[in-house]
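Colleague: In order, the protein sequences belong to chains A and B. Heads up: the first sequence at position 265 corresponds to 265 in the numbering used here, and the numbers run straight through without jumps. Heads up: the second sequence at position 59 corresponds to 409 in the numbering used here, and the numbers run straight through without jumps. Below are the structure tokens for one structure; questions will follow.
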Amino acid sequence: MKAVLSGDMPRSVPLTLILGVILVCLALAPFLFPGVRTVDTAARICIFVVLVASYDLLLGYGGIVSFAHTMFFGIGAYGVALASTHMGRGFDALLVGSVAGAGVAAALALVIGLFSLRVRAIFFAMITLAVASAVAVLVSQLSGLTGGEDGLTFQTPRALGPAFKFGDELFGVKLNGKLLAYYLIFLGSLILFLLMLRVVNSPFGRVLQAIRENDFRAEAIGYRVVHYRVAATCLSAAVAALAGSLYAIWLRYVGPDTALSMEIMIDILLMVVIGGMGTMYGAVIGATLLVIAQNYLQNLMGVASGVVDGLPVLPELLSADRWLLWLGVLFILSVYFFPTGVVGRLRARK
Amino acid sequence: MTPPILATEDLTVRFGGHVAVDAVTCAFRAGELTAIVGPNGAGKTTYFNLISGQIPASAGRVLLRGRNISGQSVSHRTRAGIGRAFQLTNLFPNLSVLENVRLVVQAKAGQGFNLLSMASRHAELTDAAEGILARVRLLDNRDQVVSELSHGNQRKLEVALLIALDPDVYMFDEPTAGMSVDEAPVVLELIAALKEQKDRTVLLVEHKMDVIRTLADRIIVLHNGALAADGPPAEVMASDVVQEAYMGRELEDV
């Protein structure tokens, strides 16, 4: 167990319990919460955990601010979509698309990093923003290749589709390809997450933390700071791309809004901050909280507004259309009360 | 005499019109402990910064084992054998004491790009780091976060990082400043032990005359950035330039 978690134990009873519950719920989601929408939410949580963890490697461990993380996510997603479109449906197309996407993402990160990580951190942030915007425009304009604003709908292998049946029913759940697809996403995400956990607890991860703390001194004890920052950027980009590939495999669709939009970048930032920067487990908690809030806060508020129907002002405030307002309020409160994130807070009280 | 391991030739740096270090030519040999003295603002720390590479020189060269390293980065010079402890404590504040030292040991072992093993499983790195902590008497504080450490202990850790680096050229910038009377001897003993080792070059910026008298083989005096005196301690301390420029004004305050 210690080796699986790379020696980075949750170090807090409530945190262990919360993580355990999240893991069990995600592992058994199709059985515990059968339904198209709930399983879809669970798959999104898995994917965002990986995406946020890869961003935390940069921000929380490396102290590097990047606004291009969605771009890398999108590159992975488009990789799978393009490969599946041009090679035809099949696991080979998924593999080629994922590997190519991760490779392109890492190469692009290398170029951006070598150009801008030598100078001040703010330049890197600005350049990532510029490149990400340019790529987003490019993708929506090159409609011949990328499908433009409409995106690409493609077919995944038959074994991952709802039409594929490999048994009757288990605990009332249909044993079809969609179930297999979910477990592909779940296991892929779990492996990637454990990989990230290992990386941040490796000697390399320690150097990143040292650079975040004091790059001047890290240099003075013999570490080439730029090399480490670039390596972290490439690794983080590659993992983000793989998360994007999983997302495309799950949705069987990719488009600028689902894979490249700035909104996703903001979501990632919120998840990292809410969960707790510099703790991989923060990614799990941040992603779970925010994805659930995004999917169910609206419903919850619809119910709440129904309950207070007839009272003055309240129904208006609680109207389902105001869910973003309340999400904002929740975010401000969480940053105010847990400046170190949920995980930082739980670990601090022993 | 053995060839110098470190030398500076006409080393100069200007900040605008101000010449902070003015054409300093000086050589340092293995086994020698050189004290660098001079009034505040004389350019001692700046001279250090030029040697270890934190500041690029405006003119002149830094030679390590006869090779010009003037254009090289700090990390390159560190790996080549120039190590530095800073005057203002310069640590990794949110990491533990042990982790601070282990990072240095790990850098020396070339393990920085090891991505897939668990840092905590590298017993050899941990053992080496604990050995260093024992030498500076910080072993009891090994799991403490550095920012919670007392000032004196932070200064000790600063020295510990340099000891862990174990470079050919040790540069101490007022290592005992801010240490209590019972903390300073630990550090001074370590420096004396380095001197005993005979194969290390030690540069020491220090204000305390008693420390210099017991440790230094040689004193160089910087005054307004320029080399004002260079020689054995007794000779330099007796010289007019020191009496006038340094001893007269500074030491009475100390």
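We put the beta carbon where it would ideally sit given N, CA and C, even for glycine.
Report back the beta-carbon spacing between K117 of chain A and R229 of chain A to the nearest angstrom; my notes put them in contact at under 8 Å.
Modeller: The sequence position of residue 117 of chain A within the first sequence is 117, counting from 1. The sequence position of residue 229 of chain A within the first sequence is 229, counting from 1. Correcting the residue type first, residue 117 of chain A is Leu in the shown sequence and not Lys. L117 of chain A to R229 of chain A, Cβ: 5 Å. Contact.
Colleague: Decide if A364 of chain A is buried, meaning its Cβ has at least 16 other Cβ atoms within 10 Å, or exposed.
Modeller: Nothing can be reported for residue 364 of chain A: it is not among the residues displayed for chain A, which extend from 1 to 350.
Colleague: Exposed or buried, what is H368 of chain B when buried is set at 16 or more other beta-carbons lying within 10 Å of its beta-carbon?
Modeller: Here residue 368 of chain B refers to the residue found at position 18 of the second sequence. Its Cβ having fewer than 16 others within 10 Å, H368 of chain B is exposed.
Colleague: Does the distance from the CB of L152 of chain A to the CB of V131 of chain A come in under 9 Å?
Modeller: Within the first sequence, the letter at position 152 stands for residue 152 of chain A. Within the first sequence, the letter at position 131 stands for residue 131 of chain A. No, they are not a contact pair.
Colleague: Closer than 8 Å is the cut-off here; do at least three beta carbon pairs connect the stretch 319-336 of chain A with the stretch 76-88 of chain A?
Modeller: The answer is no - the stretch 76-88 of chain A does not touch the stretch 319-336 of chain A, with fewer than three Cβ pairs under 8 Å.
Colleague: Over the uninterrupted beta strand (DSSP E) stretch that includes R434 of chain B, give me the two end residues.
Modeller: Numbered from its first residue, the second sequence carries residue 434 of chain B at position 84. Counting along the chain, the beta strand (DSSP E) containing R434 of chain B begins and ends at 432-435.
Colleague: For chain A, is any of its Cβ atoms less than 9 Å away from the one on T358 of chain B?
Modeller: By 1-based counting over the second sequence, the position of residue 358 of chain B is 8. Chain A, which has no Cβ nearer than 9 Å to the Cβ of T358 of chain B, makes this no.
Colleague: Rounded to the nearest angstrom, what separates S245 of chain A and N201 of chain A at their Cα positions?
Modeller: Position 245 of the first sequence, counting from 1, holds the residue named residue 245 of chain A. Position 201 of the first sequence, counting from 1, holds the residue named residue 201 of chain A. Cα to Cα, S245 of chain A sits roughly 25 Å from N201 of chain A.
Colleague: Which residues in chain A sit within 8 Å of H472 of chain B, going by Cβ to Cβ distance?
Modeller: As a working note, residue 472 of chain B is residue 122 in the second sequence. Simply P203.
Colleague: Does K548 of chain B have its Cβ less than 9 Å from a Cβ in chain A?
Modeller: The residue given as residue 548 of chain B occupies position 198 in the second sequence. So no, K548 of chain B is outside the interface.
Colleague: Can you check whether the CB of V447 of chain B is closer than 9 Å to the CB of N491 of chain B?
Modeller: Position 141 of the second sequence holds residue 491 of chain B. Position 97 of the second sequence holds residue 447 of chain B. The answer is yes: Cβ separation under 9 Å.
Colleague: Does any C-beta atom of chain B lie closer than 9 Å to the C-beta of S6 of chain A?
Modeller: The sequence position of residue 6 of chain A within the first sequence is 6, counting from 1. For S6 of chain A, the answer is yes, since a Cβ of chain B falls inside 9 Å of its Cβ.
Colleague: Alpha carbon to alpha carbon, how far is V424 of chain B from P605 of chain B? Give it in angstroms, no decimals.
Modeller: The shown model of chain B, from 351 to 604, leaves out residue 605 of chain B, and the question about it has no answer.
Colleague: Cutting at 7 Å between CB atoms, please list the residues of its own chain near F123 of chain A, excluding the five before and the five after it.
Modeller: Position 123 of the first sequence holds residue 123 of chain A. Closer than 7 Å at the Cβ level, and outside the excluded window around F123 of chain A, lie S116.
Colleague: Looking at the strands, I want to know which residues DSSP matches up with S446 of chain B.
Modeller: Mapped onto the second sequence, residue 446 of chain B falls at position 96. Note: S446 of chain B sits in a beta bridge opposite B:V495.
Colleague: Using DSSP with H/G/I as helix, E/B as strand and the rest coil, what is V4 of chain A?
Modeller: For the purposes of this step, residue 4 of chain A is taken as the residue at position 4 of the first sequence. Looking at V4 of chain A - three-state DSSP - the assignment turns out to be coil, as it is neither helix nor strand.
Colleague: Considering only their Cβ atoms, is the gap separating D360 of chain B from G410 of chain B smaller than 9 Å?
Modeller: For the purposes of this step, residue 410 of chain B is taken as residue 60 along the second sequence, with counting starting at 1. For the purposes of this step, residue 360 of chain B is taken as residue 10 along the second sequence, with counting starting at 1. The answer is yes: Cβ separation under 9 Å.
Colleague: Whole angstroms is fine: what's the gap from V343 of chain A's alpha carbon to L235 of chain A's?
Modeller: The residue given as residue 343 of chain A occupies position 343 in the first sequence. The residue given as residue 235 of chain A occupies position 235 in the first sequence. So the alpha carbons of these two residues sit roughly 24 Å apart.
Colleague: Are the CB atoms of A136 of chain A and L260 of chain A within a distance shorter than 9 Å?
Modeller: Here residue 260 of chain A refers to the residue found at position 260 of the first sequence. Here residue 136 of chain A refers to the residue found at position 136 of the first sequence. Yes. Within cutoff.
Colleague: On the DSSP letters alone, give me the boundaries of the beta strand (DSSP E) that K545 of chain B sits inside.
Modeller: The residue given as residue 545 of chain B occupies position 195 in the second sequence. K545 of chain B -> not in any beta strand (DSSP E); alpha helix (DSSP H) instead, spanning 534-547.
Colleague: Measure how close the beta-carbons of A180 of chain A and A159 of chain A come, nearest whole angstrom, since I'm counting them as under 8 Å.
Modeller: On the first sequence, residue 180 of chain A is found 180 positions in, with the first residue counted as 1. On the first sequence, residue 159 of chain A is found 159 positions in, with the first residue counted as 1. A quick correction: the sequence has Leu, not Ala, at residue 180 of chain A. Indeed they touch by this definition, with Cβ atoms about 6 Å apart.
Colleague: What are the uninterrupted segments assigned as alpha helix (DSSP H) that are 4 or more residues long and contained completely in the stretch 353-430 of chain B, given in chain order?
Modeller: Counting only runs of 4 or more, we get 394-402, 424-430.
Colleague: For C46 of chain A, I'd like the list of residues in its chain whose CB is within less than 7 Å of its CB, leaving aside the five on either flank, ordered along the chain.
Modeller: Translated into positions along the first sequence, residue 46 of chain A becomes position 46. Contacts found: L26, I185, F186, S189.
Colleague: If we count the other Cβ atoms within 10 Å of its Cβ and call it buried at 16 or more, is S6 of chain A buried or exposed?
Modeller: Counted from its first residue, the first sequence places residue 6 of chain A at position 6. Buried: at least 16 other Cβ atoms inside 10 Å.
Colleague: Please report whether the beta-carbon of A457 of chain B lies at a distance below 9 Å from any beta-carbon of chain A.
Modeller: Within the second sequence, residue 457 of chain B is the residue found at index 107, counting from 1. True, the Cβ-Cβ gap to chain A drops below 9 Å.
Colleague: In chain order, what are the residue ranges of uninterrupted alpha helix (DSSP H) at least 4 long that sit wholly in the stretch 235-284 of chain A?
Modeller: The stretch 235-284 of chain A contains these whole alpha helix (DSSP H) runs: 256-259, 262-275.
Colleague: Which of the three DSSP states, helix, strand or coil, is assigned to L142 of chain A?
Modeller: In the first sequence, the residue the question calls residue 142 of chain A occupies position 142. Three-state result, L142 of chain A: coil.
Colleague: Which residues bound the beta strand (DSSP E) around T551 of chain B?
Modeller: By one-based count along the second sequence, residue 551 of chain B stands at place 201. Here the beta strand (DSSP E) through T551 of chain B covers 551-555.
Colleague: Determine the DSSP secondary structure at F463 of chain B, reduced to helix, strand or coil.
Modeller: Walking along the second sequence from the start, residue 463 of chain B turns up at place 113. Correct three-state label for F463 of chain B: coil.
Colleague: Using a beta-carbon distance below 9 Å, is N214 of chain A in contact with chain B?
Modeller: Position 214 of the first sequence holds residue 214 of chain A. At least one chain B Cβ lies under 9 Å of N214 of chain A.
Colleague: In the structure shown, what three-state DSSP assignment does D603 of chain B receive?
Modeller: As a first step, residue 603 of chain B must be located in the second sequence, where it is residue number 253. At D603 of chain B the pLDDT is 44, less than 50, meaning the model places this residue with poor confidence; the figure from the coordinates comes in the next sentence. Of the three classes helix, strand and coil, the one that applies to D603 of chain B here is helix, per DSSP.
Colleague: Is it buried or exposed for E533 of chain B, if we count other Cβ within 10 angstroms and need 16 for buried?
Modeller: Translated into positions along the second sequence, residue 533 of chain B becomes position 183. The residue is buried, with at least 16 neighbouring Cβ atoms inside 10 Å.
Colleague: Rounded to whole angstroms, what is the Cα-Cα separation between L19 of chain A and F338 of chain A?
Modeller: Translated into positions along the first sequence, residue 19 of chain A becomes position 19. Translated into positions along the first sequence, residue 338 of chain A becomes position 338. Cα to Cα, L19 of chain A sits roughly 18 Å from F338 of chain A.
Colleague: Skipping 5 residues on each side, what residues in its chain have a beta carbon closer than 6 Å to that of R364 of chain B?
Modeller: The residue labelled residue 364 of chain B in the question sits at position 14 within the second sequence. Correct list, in chain order: S408.
Colleague: Check whether the Cβ of F398 of chain B lies closer than 9 Å to any Cβ atom in chain A.
Modeller: Indexing the second sequence from 1 puts residue 398 of chain B at position 48. Cβ-Cβ to chain A under 9 Å: no for F398 of chain B.
Colleague: From B:I401, B:V371, B:L511, B:G393, pick the residue whose C-alpha is nearest to that of E449 of chain B; which is it?
Modeller: Within the second sequence, the letter at position 99 stands for residue 449 of chain B. If we check each option's Cα against that of E449 of chain B, B:L511 comes out closest.
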